């Protein structure tokens, strides 16, 4: 007998990511009983749906954590990937999926829903092959797996859309590899979420692979021209050359767009294949089309651009934590034994209100900049991108407000107490771990502001790095604090 929808519990993995964060909201809006599995509950604390879900803190790579997260779950959404974890990411992904399937089987889960990638071309990339293998591993037990395979997802904040947008905006004339003429089958994020949400409402479990795509099949070059037209730009001049390999293409994309090279590589690898939905794998017999029909490419782009201009982007590709460099440890790891903690501490007391000071602090970065020394910040971001880091181009989700876990240029919001404290964790390539923290307090009608940069060096290289840039700190950090107060006074 089918379990009534009102009695089902849904688990969403990858809830801090681009699709996962939006799916949770869609399920909560349906008044469904939702649990999420996240490594750090702080990362979703700022989400509007955080108080409406049950949070299970743990890792999908830990069987004990999986067993706890899957207790009583009817439908489990698998939205995880490990494409940035080195050359053996496919083996890591396969093991994660296999472990998840076994844990779901042991917990008595009725349905697994997995979002993968269209993989019908014989010339398949390693990334897409790994996505298909992940689906096969998830289906290795008796738990039915509904695998939805999508191509390029168009939506505000998606890595694919950001790559397309910045390439088109910044390069009126571009030399491109042959893959720009390959056919793609893009789909709007709203339609992806429609299918994922509809899977939760099916009366019976489904075990089958489905391809999902929008109403149009077109080349990547045609998509760029569509975007240029919608943005009021002149038609782009595209010159195809045969020498740009996927590796070289990803380096080039890493320099031109906010998408780092490590993430661009699998995205480019996917474009080598023709990513077009197979009509034989249509989902139409299981889930009907949306009432208003599927979203065409131009409409999807227009919606994405309007979200960006209205500062209404819900989630971004950079919401998921960027893997740190090999010599770095995770944020929460213990301090390295025996290493000195290096600090740059600045303080100021002012008659400007704490509220005005805080507005400037919370608005730091992105288009607002870093309160002076912009050339030095730009140069540091450029160096970071040149060595494989994220650089400054990730910007901000919202120009004025932050939430824990989201990216901010080459930082990530580590801790946030609105009106009082902001702590940023550095995600640039560093021989150590670094934080930048602001604290605002009021006493006797005065506002006290503390700005502290902290660095945990890793070995001699870390020590040398800190002392090499110390002269720049003598200029950058005092200027930053002084201009925060100055701008706050102006706004008052």
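Numbering (our numbering), first residue to last: 41 to 532. Glycine is no exception: its CB is placed at the ideal position from the N, C-alpha and C atoms. Note that the coordinates shown come from a computational prediction; the quantities given were computed from them, not determined experimentally.
Pairwise C-alpha distance: residue j and residue i
{"i": "residue 261", "j": "residue 280", "result": "10 Å"}
{"i": "residue 84", "j": "residue 354", "result": "12 Å"}
{"i": "residue 378", "j": "residue 521", "result": "At residue 378 the pLDDT is 41, less than 50, meaning the model places this residue with poor confidence; the figure from the coordinates comes in the next sentence. When rounded, the distance between both Cα atoms is 31 Å."}
{"i": "residue 181", "j": "residue 233", "result": "26 Å"}
{"i": "residue 275", "j": "residue 318", "result": "31 Å"}
{"i": "residue 496", "j": "residue 404", "result": "23 Å"}
{"i": "residue 350", "j": "residue 506", "result": "39 Å"}
{"i": "residue 523", "j": "residue 63", "result": "40 Å"}
{"i": "residue 369", "j": "residue 251", "result": "Note that residue 369 scores a pLDDT of 37, beneath 50, so its modelled location is shaky and nothing firm can be said."}
{"i": "residue 186", "j": "residue 334", "result": "20 Å"}
{"i": "residue 245", "j": "residue 160", "result": "25 Å"}
{"i": "residue 511", "j": "residue 151", "result": "58 Å"}
{"i": "residue 218", "j": "residue 204", "result": "16 Å"}
{"i": "residue 42", "j": "residue 301", "result": "46 Å"}
{"i": "residue 528", "j": "residue 198", "result": "34 Å"}
{"i": "residue 91", "j": "residue 106", "result": "22 Å"}
{"i": "residue 311", "j": "residue 192", "result": "9 Å"}
{"i": "residue 316", "j": "residue 228", "result": "15 Å"}
{"i": "residue 133", "j": "residue 212", "result": "38 Å"}
{"i": "residue 307", "j": "residue 526", "result": "43 Å"}
{"i": "residue 305", "j": "residue 272", "result": "29 Å"}
{"i": "residue 293", "j": "residue 427", "result": "14 Å"}
{"i": "residue 81", "j": "residue 96", "result": "8 Å"}
{"i": "residue 248", "j": "residue 169", "result": "18 Å"}
N-terminal and C-terminal residue of the alpha helix (DSSP H) that residue i is part of
{"i": "residue 174", "result": "166 to 178"}
{"i": "residue 158", "result": "Careful: residue 158 lies outside any alpha helix (DSSP H) and carries neither H nor E."}
{"i": "residue 402", "result": "394 to 402"}
{"i": "residue 418", "result": "414 to 426"}
{"i": "residue 69", "result": "58 to 69"}
{"i": "residue 79", "result": "Residue 79 -> no alpha helix (DSSP H), and no H or E assigned at all."}
{"i": "residue 116", "result": "Unbroken run through residue 116 is the beta strand (DSSP E), 115 to 118; no alpha helix (DSSP H)."}
{"i": "residue 105", "result": "103 to 109"}
Exposure label - residue i; buried when at least 16 CB within 10 Å
{"i": "residue 87", "result": "buried"}
{"i": "residue 282", "result": "exposed"}
{"i": "residue 46", "result": "exposed"}
{"i": "residue 69", "result": "exposed"}
{"i": "residue 155", "result": "buried"}
{"i": "residue 375", "result": "Below a pLDDT of 50, predicted positions are generally treated as unreliable, and residue 375, at 44, falls in that range; the measurement from the model is reported next regardless. Result: exposed."}
{"i": "residue 484", "result": "exposed"}
{"i": "residue 467", "result": "buried"}
{"i": "residue 149", "result": "buried"}
{"i": "residue 462", "result": "buried"}
{"i": "residue 530", "result": "exposed"}
{"i": "residue 144", "result": "buried"}
{"i": "residue 220", "result": "buried"}
{"i": "residue 456", "result": "buried"}
{"i": "residue 241", "result": "exposed"}
Option in the options with minimal Cα separation from residue i
{"i": "residue 78", "options": "109, 293 and 489", "result": "109"}
{"i": "residue 425", "options": "295, 511 and 61", "result": "295"}
{"i": "residue 100", "options": "55, 71 and 187", "result": "55"}
{"i": "residue 117", "options": "90, 313 and 236", "result": "236"}
{"i": "residue 338", "options": "194, 386, 474 and 381", "result": "194"}
{"i": "residue 120", "options": "466, 53 and 402", "result": "53"}
{"i": "residue 328", "options": "487, 231 and 165", "result": "231"}
{"i": "residue 449", "options": "128, 90, 409 and 390", "result": "409"}
{"i": "residue 73", "options": "82, 94 and 63", "result": "94"}
{"i": "residue 533", "options": "516, 385 and 206", "result": "Coverage of the chain is limited to positions 41 through 532, which leaves residue 533 absent and any answer about it impossible."}
{"i": "residue 386", "options": "480, 161, 159 and 210", "result": "480"}
{"i": "residue 142", "options": "167, 157, 163 and 102", "result": "102"}
{"i": "residue 465", "options": "457, 445 and 459", "result": "445"}
{"i": "residue 458", "options": "510, 144 and 397", "result": "397"}
{"i": "residue 417", "options": "305, 516, 290 and 313", "result": "516"}
{"i": "residue 439", "options": "402, 427, 452 and 411", "result": "402"}
{"i": "residue 113", "options": "76, 162 and 137", "result": "76"}
Residue i, enclosing beta strand (DSSP E) - first and last residue
{"i": "residue 239", "result": "First-last for residue 239: 229 to 240, but that is the alpha helix (DSSP H), not the beta strand (DSSP E)."}
{"i": "residue 438", "result": "Residue 438 -> no beta strand (DSSP E), and no H or E assigned at all."}
{"i": "residue 279", "result": "277 to 280"}
{"i": "residue 491", "result": "486 to 497"}
{"i": "residue 51", "result": "49 to 53"}
{"i": "residue 383", "result": "382 to 390"}
{"i": "residue 251", "result": "248 to 252"}
{"i": "residue 477", "result": "472 to 483"}
{"i": "residue 537", "result": "No information on residue 537 is available, as it lies outside the stretch 41 to 532 that the chain covers here."}
{"i": "residue 187", "result": "185 to 190"}
{"i": "residue 215", "result": "213 to 216"}
Cβ-heavy atom distance, residue i to the ligand PLP, below 7 Å
{"i": "residue 473", "result": "What this structure holds is no ligand at all, so the ligand PLP is not there to describe."}
C-beta neighbour in chain C for residue i, strict 8 Å
{"i": "residue 96", "result": "No chain C is part of this structure, which consists of one protein chain only."}
**OP:** Mind the definition here: the segment 334 to 346 touches the segment 430 to 438 only if three or more C-beta pairs lie below 8 Å; say whether that holds.
**Re:** no
**OP:** Say whether the segment 465 to 473 touches the segment 485 to 492, bearing in mind that this needs 3 or more beta-carbon pairs closer than 8 Å, one atom from each stretch.
**Re:** no
**OP:** Indicate whether the contact test is met: 3 or more Cβ pairs, each with one atom in the segment 166 to 181 and one in the segment 212 to 231, closer than 8 Å.
**Re:** no
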